[in-house]
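*Asks:* Residue numbers (UniProt numbering): 1 to 502. Backbone N, C-alpha and C define an ideal beta-carbon position, used for all residues, glycine too.
1) Sort 344, 118, 407 by Cα distance to residue 102 and report the nearest one.
2) Could you tell me which whole beta strand (DSSP E) segments of length 3 or greater appear in the segment 216–290?
3) Which term fits residue 25, buried or exposed, when burial requires 16 or more other beta carbons within 10 angstroms of its beta carbon?
4) For residue 334, which residues in the same chain have their Cβ closer than 6 Å to its Cβ, ignoring the five residues on either side in sequence?
5) Restricting to runs no shorter than 4 residues, where is the alpha helix (DSSP H) found entirely within the segment 302–347?
6) What are the boundary residues of the beta strand (DSSP E) that residue 101 is part of?
7) Any idea which residues DSSP pairs residue 49 with across the strands?
8) Who are the Cβ neighbours of residue 167 in its own chain at under 7 Å, not counting the five residues just before and after it?
9) Comparing C-alpha positions only, which one of 394, 434, 443, 436 sits nearest to residue 422?
10) Quick check on this structure: which residue in 175, 138, 142 has the alpha carbon closest to the alpha carbon of residue 155?
11) Three-state secondary structure (DSSP) at residue 558?
12) Alpha carbon to alpha carbon, what distance is there between residue 145 and residue 161?
13) Does residue 497 pass the burial test, meaning 16 or more other C-beta atoms within 10 Å, or should it be called exposed?
14) Determine whether the beta carbon atoms of residue 248 and residue 319 lie at a separation below 9 Å.
15) Need the endpoints of the alpha helix (DSSP H) that residue 485 sits in, please.
16) Please go through the same chain and pick out, in chain order, the residues whose beta-carbon is closer than 6 Å to the beta-carbon of residue 416, but skip the five residues on each side of it.
17) With 16 as the cutoff for other CB atoms within 10 Å, does residue 199 come out buried or exposed?
18) Go to residue 429, then tell me how far its alpha helix (DSSP H) extends in each direction, as first and last residue.
19) Would the segment 317–331 and the segment 201–213 be scored as touching if the rule is three or more Cβ pairs under 8 Å?
20) Taking 8 Å as the threshold, find out whether the segment 205–225 comes into contact with the segment 266–280 through three or more Cβ pairs.
21) Beta-carbon separation of residue 488 and residue 357 under 9 Å?
22) Got a sec? Which residues, its chain only, sit under 7 Å from residue 126 by beta carbon, not counting five neighbours each side?
23) What are the boundary residues of the alpha helix (DSSP H) that residue 145 is part of?
24) Rounded to whole angstroms, what is the Cα-Cα separation between residue 22 and residue 15?
25) List the whole-angstrom C-beta distance separating residue 445 from residue 473, where the pair is believed to meet the contact cut-off of C-beta under 8 Å.
26) Suppose the cutoff is 8 Å on Cβ atoms and the five residues either side in sequence are ignored; what does the same chain contact list for residue 214 look like?
27) Going by DSSP in three states, residue 382 sits in which element: helix, strand or coil?
28) For residue 456, report the span of its alpha helix (DSSP H) as first-last.
29) For residue 492 versus residue 424, is the C-beta spacing smaller than 9 Å?
30) Could you check if residue 48 is buried or exposed, using at least 16 other CB atoms within 10 Å of its CB as the buried criterion?
31) Measure the Cβ-Cβ separation of residue 449 and residue 437 and say whether it is below 9 Å.
32) Taking the alpha helix (DSSP H) that residue 171 falls in, what are its first and last residues?
33) Distance check for residue 407 and residue 413, CA to CA, integer angstroms please.
34) Closest by CA to residue 313, which one among 192, 359, 362?
35) Just the C-alpha distance for residue 477 and residue 253, rounded to the nearest angstrom, thanks.
36) Mind checking residue 206: buried by the 16 CB within 10 Å criterion, or exposed?
In structure tokens form, the structure reads like this:
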């Protein structure tokens with residue numbers, strides 16, 4: 001619907017809803033809430049007189065071409081809002097690029113593919129002043145020295161996959177109440193990554209450039225950072241043992257030390273993320289840019305009065321988290337590294353480097369108990385099977401020959417194909433097992449489609465395509481060779497491709 005549909009031709013009154021209905025495809029039903037809201041908020045009398053004047057006249061052209069409604073057809077793929085992708089196309093009549101989000105796509109026989117997209121207007125929100133290195137903080141502090149009342153928008157960015165170049169954590173902020181030009185800053189972080197830690201560093205670097213006796217308001221979209229700020233005010237009154245159980249204790253000690261030293265009055269306010277706030281969007285962009293900074297920001301904490309005890313791992317990494325849990329996590333990673341370095345698990349290690357395995361969900365699957373009784377013999381068998389599959393220790397002929405050379409001697413050829421040595425890897429790749437495995441994956445794919453159609457809030461065509469075109473199941477529906485991610489599932493590992501379906 002366009003503006004000329006709801007405003008009269010003299011651009012002075014809100015159009016009566018009976019006249020608006022003539023432009024609608026479905027003319028039944030009661031008056032919608034959006035019309036009632038407009039009439040209550042932008043008109044001054046029952047006749048619909050607008051409370052404001054329009055600077056530009058509305059061009060009335062009922063015969064102007066409107067975007068056609070996408071046809072409802074089985075060959076049309078509709079993209080739900082959660083899965084809409086950004087697209088860009090060249091508009092010759094504008095000599096510019098048009099950006100938008102994909103609404104639907106169809107490809108009818110003997111016709112060119114057609115995509116319908118929602119047009120988004122590009123808005124440049126880049127700041128006029130950009131600081132990117134830690135040394136610039138002193139210059140920013142000098143610039144902000146004359147100001148007593150400052151407002152900051154801060155944000156942190158954490159990419160758990162670390163798919164882009166740089167560090168997994170970045171932070172950034174921008175001032176919002178300076179009349180001439182607002183100042184931005186960003187940086188990167190390393191060690192013990194989390195979104196809250198990145199947000200906390202953004203708050204710290206914003207406070208460190210503030211003038212003495214300043215009144216500071218910080219807007220952040222992280223409620224966890226706000227809660228931690230209030231909980232950490234009394235760090236100096238607790239014991240060192242409890243102090244070292246607080247996450248990011250070095251950063252919070254530094255923040256309260258800065259506030260006390262500069263005599264600042266600080267207020268933290270919550271702002272909704274991705275709500276269209278211009279300054280919050282700038283802070284979000286700065287945080288993402290911060291991940292690309294080559295030199296991560298570090299805190300020299302030796303002089304902090306509240307930081308009485310700080311343990312360093314390998315004389316390099318300060319432990320600013322719960323020490324017991326932190327050391328336990330490090331040892332778990334060490335055990336996992338030793339486990340993956342075993343010669344028999346070389347393929348699993350390679351798949352881990354390629355980011356094919358989702359270790360978080362795989363770990364939950366290894367510990368999943370489908371039985372009500374924790375001591376069930378059936379559960380014991382399930383766990384035994386998962387362990388042997390994932391560690392490639394199923395009793396195949398090569399392992400039996402190694403463990404029982406007198407019992408199974410010089411007989412390691414596959415009993416099915418008789419062409420390769422029967423190993424844990426060959427077990428799933430044997431041509432004689434292909435039809436059985438393919439049938440099972442097709443049954444699993446069909447069952448998953450039915451399950452998601454029943455419980456998921458997505459179109460059935462999208463669900464079917466997302467499963468049948470995923471690497472985990474596509475090979476089975478097309479009778480292609482077994483894909484490596486499907487073999488990972490056979491070995492009891494959950495792949496990122498399988499997670500991507502949901």
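*Replies:* Here's the rundown:
1) Your numbering for residue 102 matches position 102 in the chain shown. Put simply, of 344, 118, 407 the residue whose alpha carbon is nearest the alpha carbon of residue 102 is 118.
2) Look at the segment 216–290 and you find these whole runs of beta strand (DSSP E), each 3 residues long or longer: 265–270.
3) Position 25 of the chain shown, counted from the start, is the residue given in the question as residue 25. The residue in question, residue 25, is exposed, as its Cβ has fewer than 16 Cβ neighbours within 10 Å.
4) In the chain shown, the residue the question calls residue 334 occupies position 334. Result list for residue 334: empty, nothing under 6 Å.
5) Listed in chain order, they are 323–340.
6) As a first step, residue 101 must be located in the chain shown, where it is residue number 101. Per DSSP, residue 101 belongs to the beta strand (DSSP E) from 96–106.
7) Here residue 49 refers to the residue found at position 49 of the chain shown. Note: residue 49 is bridge-paired with 13 in the DSSP secondary-structure output.
8) As a position in the chain shown, residue 167 is number 167, starting the count at 1. Shown here for residue 167: same chain residues with a beta carbon closer than 7 Å to its own, the five before and five after excluded, namely 188, 189, 190, 291, 296 in chain order.
9) Start at 1 with the first residue of the chain shown, and residue 422 comes out as number 422. Nearest Cα to residue 422 within the set 394, 434, 443, 436: 394.
10) The residue you call residue 155 lines up with position 155 of the chain shown. Of the candidates 175, 138, 142, the residue whose Cα lies closest to the Cα of residue 155 is 175.
11) Examination of residue 558 is not possible in this model, given that the chain is present from 1 through 502 alone.
12) As a first step, residue 161 must be located in the chain shown, where it is residue number 161. As a first step, residue 145 must be located in the chain shown, where it is residue number 145. Approximately 40 Å, taken between the alpha carbons.
13) Position 497 of the chain shown, counted from the first residue, corresponds to residue 497. By the 16-neighbour rule on beta-carbons within 10 angstroms, residue 497 is buried.
14) For the purposes of this step, residue 248 is taken as the residue at position 248 of the chain shown. For the purposes of this step, residue 319 is taken as the residue at position 319 of the chain shown. Not in contact: residue 248 and residue 319 (Cβ atoms no closer than 9 Å).
15) Working through the chain shown from its first residue, we reach residue 485 at position 485. In the DSSP assignment, residue 485 falls within the unbroken alpha helix (DSSP H) covering 484–490.
16) The count along the chain shown starts at 1 and reaches residue 416 at position 416. If we look at residue 416 and ignore the five residues flanking it on each side, its Cβ neighbours are 430, 432.
17) Residue mapping note: residue 199 aligns to position 199 of the chain shown, counting from 1. It counts as buried.
18) As a working mapping, residue 429 is identified with position 429 in the chain shown. Counting along the chain, the alpha helix (DSSP H) containing residue 429 begins and ends at 424–429.
19) Taking 8 Å as the limit for Cβ pairs, the verdict is that the segment 201–213 does not touch the segment 317–331.
20) The segment 205–225 is in contact with the segment 266–280.
21) Your numbering for residue 488 matches position 488 in the chain shown. Your numbering for residue 357 matches position 357 in the chain shown. Yes, Cβ-Cβ distance for residue 488 and residue 357 is below 9 Å.
22) Translated into positions along the chain shown, residue 126 becomes position 126. The pLDDT assigned to residue 126 is 46, lower than 50, so where the model puts this residue is not dependable; a value taken from the coordinates is nonetheless given after this. Closer than 7 Å at Cβ, skipping near neighbours: no residue.
23) Here residue 145 refers to the residue found at position 145 when the chain shown is read from its first residue. Element bounds for residue 145: n/a, residue is neither H nor E.
24) The residue you call residue 22 lines up with position 22 of the chain shown. The residue you call residue 15 lines up with position 15 of the chain shown. When rounded, the distance between both Cα atoms is 12 Å.
25) Position 445 of the chain shown, counted from the first residue, corresponds to residue 445. Position 473 of the chain shown, counted from the first residue, corresponds to residue 473. Taking the Cβ atoms as the reference, residue 445 lies roughly 4 Å from residue 473, within the contact range of under 8 Å.
26) Position 214 of the chain shown, counted from the first residue, corresponds to residue 214. Setting aside the 5 residues that flank it on each side, residue 214 is surrounded in the same chain by 147, 148, 149, 150, 262, 264, 265, each with a C-beta closer than 8 Å to its C-beta; the list follows chain order.
27) In the chain shown, residue 382 corresponds to position 382, counting from 1. DSSP, read as helix, strand or coil, puts residue 382 in helix.
28) As a working note, residue 456 is residue 456 in the chain shown. For residue 456, no alpha helix (DSSP H) run applies, since DSSP gives it neither H nor E.
29) By one-based count along the chain shown, residue 492 stands at place 492. By one-based count along the chain shown, residue 424 stands at place 424. Cβ atoms of residue 492 and residue 424: not closer than 9 Å.
30) Translated into positions along the chain shown, residue 48 becomes position 48. Buried: at least 16 other Cβ atoms inside 10 Å.
31) As a position in the chain shown, residue 449 is number 449, starting the count at 1. As a position in the chain shown, residue 437 is number 437, starting the count at 1. Not closer than 9 Å, so no.
32) Position 171 of the chain shown, counted from the start, is the residue given in the question as residue 171. No alpha helix (DSSP H) holds residue 171; the beta strand (DSSP E) holding it covers 169–175.
33) On the chain shown, residue 413 is found 413 positions in, with the first residue counted as 1. On the chain shown, residue 407 is found 407 positions in, with the first residue counted as 1. Their Cα atoms are separated by approximately 15 Å.
34) Along the chain shown, read from residue 1 onward, the residue named residue 313 stands at position 313. Residue 192 holds the alpha-carbon nearest to the alpha-carbon of residue 313 among 192, 359, 362.
35) Looking up residue 477 in the chain shown gives position 477. Looking up residue 253 in the chain shown gives position 253. Rounded to whole angstroms, residue 477 to residue 253 spans 58 Å at the Cα level.
36) Reading the chain shown from its first residue, position 206 is the one you call residue 206. Answer is buried; the Cβ neighbour count reaches 16.
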